[in-house]
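Numbering (this note's numbering), first residue to last: 42 to 483.
All residues carry an ideal CB built from backbone N, CA and C; glycine is no exception.
Since the structure is predicted, the reported quantities are computational estimates derived from the model, not experimental observations.
Read through the structure below, which is laid out as structure tokens, and then see the notes.
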Amino acid sequence: MMKSIEALSQELASAQLSTPLGRVTGISGGEIEVSGLERQARIGDRLVLRRGKKDDLHGEVLAIGSDHIRMLPDTAPERASIGDAVLLFPTPDFAPDNSWIGRLIDPFGEPLDANPMLRGVESRDLMASPPKAASRRGLGKRLSSGLSILNTVLPIVTGQRVGLFAGSGVGKSTLMAQLAQNMEADVVVMALIGERGREVNHFVKDVLGPEGMKRAIVVAATSDQSALVRRRCAWAAMTVAEHFRDQGMNVLFMADSITRFAEAHREIAVASGEAPALRGFPPSVTPLITGLCERAGPGSDGQGDITAVFSVLVAGSDMDEPIADILRGVLDGHIVLNREIAERGRFPAIDVSRSVSRSLPAAATKDENEMILGVRKFLGAYEQSEVMIRAGLYSEGNDLVLDQAVKVWPELDAFFGRAEPEGIKASFNRLALLLRRAGSGR
């Protein structure tokens, strides 16, 4: 009850006494031209178009001219007509609060679970600058992930930024939910960008579940919402993560997916007149993505860290498409999910040979690094000869490394699919045991 009263008082305090009014003067495609607001409007301000008996149409200021502004509506401008009234509202404040933990919110900080919500004391910039490079710490300690494969051969450390590259239907969302539930962190912030409404509800209630939501905040923009709202989702979620980082907390930030974030920006850029370049993406997509990624990572003195996992949809496992290529160049590692591995039932379907963690070798001891190199040596030998092995052309005794790889491969593959609740040390102990078996020939 107390929180409801506080939330109401905040709304009353921010209420406008008067609202500037404009009129629709043109409608073209998905954009609406409005006159009478060009001297008061700012890029990003919110607009409400009155459509008589139909529901109001909400949108955002996309461009400002000398005698009109251009509005990009959140939904299709059906039944809008010349002369309709348009109300201007300033860009809503975005003020995260610690009470948001456990909540599902939209990119404007409004609740999606029908419960009242408090706003924080301090309004934050959605497109804040990252900490200054000279003041940032290096990468921190190794994190237990709850998965043997990420505890050993592909470690993640505090402040690391990792890309999760996957096609559809290979277990990407499930892996992200496992990390959200089990990765060491004080708080988890997740951006669901352009997902179907049913999937958002399913992810929060069933995949992440009540246990996962105890320390999580989910910011969601569904696929039916405008490109402006979908793009804003990633910025809003990162702003929430920065709120907790500035309190000294270690934050796990997850975005699903950066591809849809870039696609939303492409829609906006094309509507603004920017010419496409990189396979249909505008040149501005590169600073857009790198700017978001740079906001994650190690903090400065007195701050916590933002450990980030950015998922990327790769059509046909094309790792050279523009978004995947941009991210590989700015992140501290990439995890590739393989459809063939998923189809034979091993999850997470991580392709170790194509995945890299740039926290190595610093994140592991000398003995651990030797084990990791041994694993990669065996995987390389097995995969290079896999066709020959399956065709029955392999004969034992010609290549010692290949013989060891063939012996260890079934156990190694099972190890990669193993959940590990006991921590990093237990994972390496199991890995050492199976490597010793391969070396001894037992």
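Query: Inter-residue Cα distance where the pair is E381 and G343; Result: 45 Å
Query: Residue environment, N379, which counts as buried when at least 16 other CB atoms sit within 10 Å; Result: buried
Query: Close Cβ partners of P251 (< 8 Å) along its chain, the five nearest in sequence each way excluded; Result: none
Query: Three or more C-beta pairs below 8 Å linking the segment 142-159 and the segment 241-258; Result: yes
Query: Start and end residues, beta strand (DSSP E) containing T66; Result: L62 to S69
Query: Supposed contact pair S267 and D115 - C-beta distance, whole angstroms, cut 8 Å; Result: 4 Å
Query: Element boundaries [alpha helix (DSSP H), containing F456]; Result: L441 to F457
Query: A349 versus A261: straight-line alpha-carbon distance, rounded; Result: 17 Å
Query: Touching by the beta-carbon criterion (3+ pairs, under 8 Å), the segment 184-203 and the segment 389-407; Result: yes
Query: Sub-8 Å separation of S400 and L180 beta-carbons; Result: yes
Query: Inter-residue spacing [alpha-carbon to alpha-carbon] between R87 and L372; Result: 34 Å
Query: Range covered by the beta strand (DSSP E) that runs through I110; Result: I110 to P114
Query: Collapsed DSSP secondary structure at E225 in the structure displayed; Result: coil
Query: At least three beta-carbon pairs within less than 8 Å, the segment 291-299 to the segment 211-221; Result: yes
Query: Exposed unless 16 or more other CB atoms sit within 10 angstroms - verdict on Q425; Result: exposed
Query: Cβ-based neighbour list, E362, same chain, cut-off 8 Å, excluding 5 preceding and 5 following; Result: R320, V355 and A356
Query: Proximity of F456 and L441 at Cβ, strictly below 8 Å; Result: no
Query: CB-CB length for L90 against L98, believed under 8 Å; Result: 4 Å
Query: Selected residue, minimal CA-CA separation from D454, among L420, E437 and S468; Result: L420
Query: Inter-residue spacing [alpha-carbon to alpha-carbon] between M42 and L159; Result: Note that M42 scores a pLDDT of 49, beneath 50, so its modelled location is shaky and nothing firm can be said.
Query: Distance CB(V397)-CB(Y423) smaller than 8 Å; Result: no
Query: A460 vs V211 beta-carbon contact at 8 Å; Result: no
Query: Cβ-Cβ separation, M231 to V259 (assumed contact under 8 Å), whole Å; Result: 5 Å
Query: Rounded straight-line distance, which links the Cα of F285 to that of V484; Result: This structure gives no information on residue 484, because the portion of the chain shown stretches from 42 to 483.
Query: Span separating the alpha-carbon of R120 from that of D96; Result: 10 Å
Query: Spatial distance of N470 from D408 (CA atoms); Result: 11 Å
Query: CA-to-CA distance, A226 to R478, given in whole angstroms; Result: 35 Å
Query: DSSP three-state assignment for P317, whether helix, strand or coil; Result: coil
Query: 6 Å Cβ shell around P324 - same chain, five flanking residues per side excluded; Result: A318
Query: Residue of A126, I309, I376 and I465 minimising C-alpha distance to K213; Result: I376
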